[in-house]
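Presented below is the structure to which this report refers.
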Amino acid sequence: MFYYDIKYPYLRYPFHETDGSVWFMYSIPVTELAKIYQSYYGKMPKSFFDCGAAIGELVHQATNLGMDARGIDIKKYPVEKFESEQKYVKYFQSGRIKITNILDCPPPITDLAYCNGTLTYMTETTLPMALQKFKNVGMLVAIHNTSEDILNAQKTGEELLHAEPRLIRPINWWLYTLNKNGFDADFDKKYGAFWAIPRNNKTR
Ligand SMILES: C[S@@+](CC[C@H](N)C(=O)[O-])C[C@H]1O[C@@H](n2cnc3c(N)ncnc32)[C@H](O)[C@@H]1O
Numbered sequence: 648m649f650y651y652d653i654k655y656p657y658l659r660y661p662f663h664e665t666d667g668s669v670w671f672m673y674s675i676p677v678t679e680l681a682k683i684y685q686s687y688y689g690k691m692p693k694s695f696f697d698c699g700a701a702i703g704e705l706v707h708q709a710t711n712l713g714m715d716a717r718g719i720d721i722k723k724y725p726v727e728k729f730e731s732e733q734k735y736v737k738y739f740q741s742g743r744i745k746i747t748n749i750l751d752c753p754p755p756i757t758d759l760a761y762c763n764g765t766l767t768y769m770t771e772t773t774l775p776m777a778l779q780k781f782k783n784v785g786m787l788v789a790i791h792n793t794s795e796d797i798l799n800a801q802k803t804g805e806e807l808l809h810a811e812p813r814l815i816r817p818i819n820w821w822l823y824t825l826n827k828n829g830f831d832a833d834f835d836k837k838y839g840a841f842w843a844i845p846r847n848n849k850t851r
């Protein structure tokens, strides 16, 4: 069993990379993300924004749950080329998922925003700029590797680090940084997820 099978047991789906190779994405289904939102606000989110939407699986799930769902990704995955991914094409064609960098986007206005790994593509300099983009959301949920994950995986001989540089820091560093950038934040051990509420926008 891989480390991510244990850390993210709720959602694992195949996708085609830009070179056509097949990989698996580990994530948290929108139904579970909505529970984190609901435990804070006492109601379901009506809108969802996936920052780093990849092929669009979570935008698809949120749409099927009746949410106003949108997303962005810096990279365009070749969903048109594969029968199994045809259901995602409409989100790109309609502009619900846009190909852009979060750093170049207007701040999304949404109840629930989600970053799966995306924040670790930042540097210590660009991370505050990315976090500012979430000042208008009800809640930001973020999952990604932390220093603790790297060490825990190493104990069973797994190497989680990527070829390209990524921002890997301890859980407490992330909580401190979210706080310093204007969020009330916590780490949910059950989901292995950070959740953060912009301090100036607790309006839901
Ligand atoms: C692990 S995938 C998450 C896929 C999907 N959200 C899920 O949870 O199943 C992370 C995605 O973030 C995208 N990404 C990385 N940096 C980004 C940035 N600066 N702006 C937008 N997307 C970015 C990557 O291209 C990648 O597709």
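Just so you know, the sequence shown maps onto residues 648 to 851 in the working numbering.
Think of the CB as a built atom: it goes at the ideal place given N, C-alpha and C, for glycine as much as any other residue.
Item	Value
According to DSSP, residues forming a beta bridge with L759	F695 and M786
Supposed contact pair T770 and L814 - C-beta distance, whole angstroms, cut 8 Å	7 Å
Beta-carbon spacing of Y660, M672 below 8 Å	yes
Check: I756 C-beta below 7 Å from any heavy atom of ligand 1	no
Assigned secondary structure, L808 (DSSP; H/G/I helix, E/B strand, else coil)	coil
Proximal residues to D835 (C-beta, below 8 Å), its chain only, five neighbours per side dropped	I683, F841 and W842
S794: first and last residue of the uninterrupted alpha helix (DSSP H) it sits in	S794 to K802
Helix, strand or coil at F841 [DSSP, three-state]	strand
Cβ pair A760, F830 closer than 8 Å	no
Cα-Cα separation between G667 and R851, rounded to whole angstroms	42 Å
Same chain, Cβ closer than 6 Å to F781, five either side skipped, listed in chain order	A760 and L787
Secondary structure of H707, DSSP reduced to three states	helix
Opposing strand residues paired with W670 [DSSP bridges]	F662
Between the CA atoms of P755 and V669 - distance to the nearest angstrom	30 Å
Touching by the beta-carbon criterion (3+ pairs, under 8 Å), the segment 794-803 and the segment 732-739	no
Nearest-angstrom beta carbon gap, I702 and F662 [assumed within contact, 8 Å]	5 Å
Span separating the alpha-carbon of D758 from that of Q708	15 Å
Buried versus exposed, by CB contacts within 10 Å (16 or more), E727	exposed
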